[in-house]
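In the numbering used here, the protein residues as written are 88 to 643.
Note that beta-carbon positions come from the ideal geometry of N, C-alpha and C, so glycine has one too.
Printed below as a string of structure tokens:
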């Protein structure tokens, strides 16, 4: 077997040998390609939609060039990533991480270095667009093999057409028969090897290269590649899909209706004349000859040839776009010329507008964004269309999915530099969030209105606190504060009272409500008749303390 390129990060705590399962680990966010006899990832598509992933990605990229589809993609990308003059499009959020301030500062610094290696602040629009269109994004994490503790040195983009995530069953020479088991034998299941297969020359059809032999593929370890997929998977065909996949049919229908509309207008727009020529009692052959003579006498069709600059006469050819010449026998009304009117419904665009709306619906973009002549109005949330709220949630899911790539790069960087251990990272990963710049005014307006209504209701219920309702009930049911938010707010209030930002509610006041100055060292304390100073309640006494994660050295 060929040696794998790249690096691998191994976990010191290996799983127990007694933990077995007949089902190997699956790739839930993508598709597993199992190699057998060197053949993988290709099949015969009877429907003729696509045969390989190369054909599928090529179709997605062609769709992105269509004007209507491009406008919808730009709306999604511009909504997901906001380019600001001073702020970065995305920042790491560690407020939920229970770690020391020094470790948080190190994590922020490493994340900033990852963005600089990707040049994300400048190329964020192109990176996110490529991921949205292709449905997958791959990066190679280049490190110094001799000094891996220096972390990632460079991050290189890989074309999705050149790389594929595959699995291969490890061959065990000692025990080849794994299908028959007995109660006395130890049950052993095949081990799965995971890696990426990189082909310098993409999997293009051979005809495009004139039958040139394809290059050999290179195996790269899983930890050396950072990848992110769309999460949309066709389990029946074993293919990762793009967000544009649902719009394939709608875009094809829009193209056909536009082409048919153009053809109909070209054929029905001009007004044509109908010449009824009186041929009397002439025989059929002579009548046709007489009709042709009349046509050639009054019909003049000059065509300009732009390539040669000549003007030629094409009077011998007759098309449906020109006048009609029809013979009329004796006894009729004689020679007559009438006019055939053009199409009367050439201005009907309802069909085109319908398929445009269908295309936008398939891309989860509100239909109101098709026309750009409507003004932007920030009214009440009740006036906001439901499609805009659904679109805001869709963009939020895209951001959540895309940020998983940052997690993988940050994990590699922290483990290689021995900042944290693999066990610590498993705890940290669930508490690391990413804050994207947000400019969706609709969601912000809805949130502000909900907060205003809650505060109004809290003001109304305030006289009844202590009689019918408790303070905890108001904070949880009216203000909708969670337990963690209540603890955090109490700590902040106590800290601001100690710093003098907020007045102490326990400080003595005079008849007019003004605070009474205290002696040194006695501020904020009230003596009771027995001379005892009441102790302030410890708000953290009932909280289970979670040990903080601190920087940890040592070789991985």
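Residue 169 sits in coil when the DSSP states are folded into three classes, being neither helix nor strand. Separation of the CB atoms of residue 334 and residue 446 is rounded to 6 Å, and the pair is thereby assigned contact status at 8 Å. Residue 396 carries a coil assignment under DSSP once its states are collapsed to helix, strand and coil. Here the alpha carbon of residue 478 sits roughly 13 Å from the alpha carbon of residue 165. As far as DSSP is concerned, residue 551 takes part in no beta bridge. The DSSP-derived three-state label of residue 442 is helix. Annotated three-state conformation of residue 568 is coil, per DSSP.
By the Cβ-count criterion, residue 492 is buried, with 16 or more other Cβ atoms from all chains shown falling within 10 Å of its own Cβ. Inter-segment contact for the region 306 to 315 and the region 493 to 513 is present: three or more beta-carbon pairs are separated by less than 8 Å. For the 8 Å CB-CB criterion, residue 242 and residue 228 form a contact.
The Cβ atoms of residue 201 and residue 500 lie closer than 8 Å to each other. Taking all protein chains shown into account, residue 393 has fewer than 16 neighbouring C-beta atoms within 10 Å of its C-beta and is therefore exposed.
A Cβ-Cβ separation of about 6 Å places residue 329 in contact with residue 221 under the 8 Å criterion. In this structure the region 279 to 289 does not touch the region 187 to 206; the number of beta carbon pairs closer than 8 Å is below three. Residue 315 has 224 as its beta-bridge partners, per DSSP.
Judged by their CB atoms, residue 341 and residue 255 are not nearer to each other than the 8 Å cut-off. For residue 232, the three-state secondary structure derived from DSSP is coil. Assigned with DSSP and collapsed to three states, residue 414 falls in strand.
Short of 6 Å from the beta carbon of residue 410, and not among the five residues preceding or following it, lie these beta carbons of its own chain, in chain order: 359, 360. Going by DSSP, residue 141 is part of no beta strand (DSSP E) but of the alpha helix (DSSP H) stretching over 140 to 150.
Burial of residue 179 is indicated by the presence of at least 16 other C-beta atoms within 10 angstroms of its C-beta.
A check of alpha carbon separations from residue 439 across 226, 338, 574 identifies 338 as the nearest. According to DSSP, residue 280 shares a beta bridge with 255. Close CB contacts of residue 423 within its chain, under the 6 Å cut and outside five residues either way in sequence, are with 363 (chain order). Residue range 177 to 180 is occupied by the beta strand (DSSP E) that includes residue 177. The three-state secondary structure of residue 199, taken from DSSP, is helix. For residue 516, the enclosing alpha helix (DSSP H) stretches over residues 509 to 516.
Secondary structure note for residue 92: it is in no alpha helix (DSSP H), with a DSSP letter that is neither H nor E. Only residues of its own chain outside the window of five on either side were considered, and among them 524 have a CB closer than 7 Å to the CB of residue 171, listed in chain order. Counting along the chain, the unbroken beta strand (DSSP E) around residue 243 starts and ends at 239 to 245.
With contact defined as three or more Cβ pairs closer than 8 Å, the region 509 to 519 and the region 153 to 169 are not in contact. In this structure residue 160 touches residue 216 by the C-beta definition: roughly 7 Å separates them, less than 8 Å. Per DSSP, the beta-bridge partners of residue 520 are 180. Buried is the label assigned to residue 515, since at least 16 other Cβ atoms lie within 10 Å of its Cβ.
Counting along the chain, the unbroken beta strand (DSSP E) around residue 308 starts and ends at 305 to 308.
Per the C-alpha coordinates, the member of 451, 517, 565, 505 positioned closest to residue 184 is 517.
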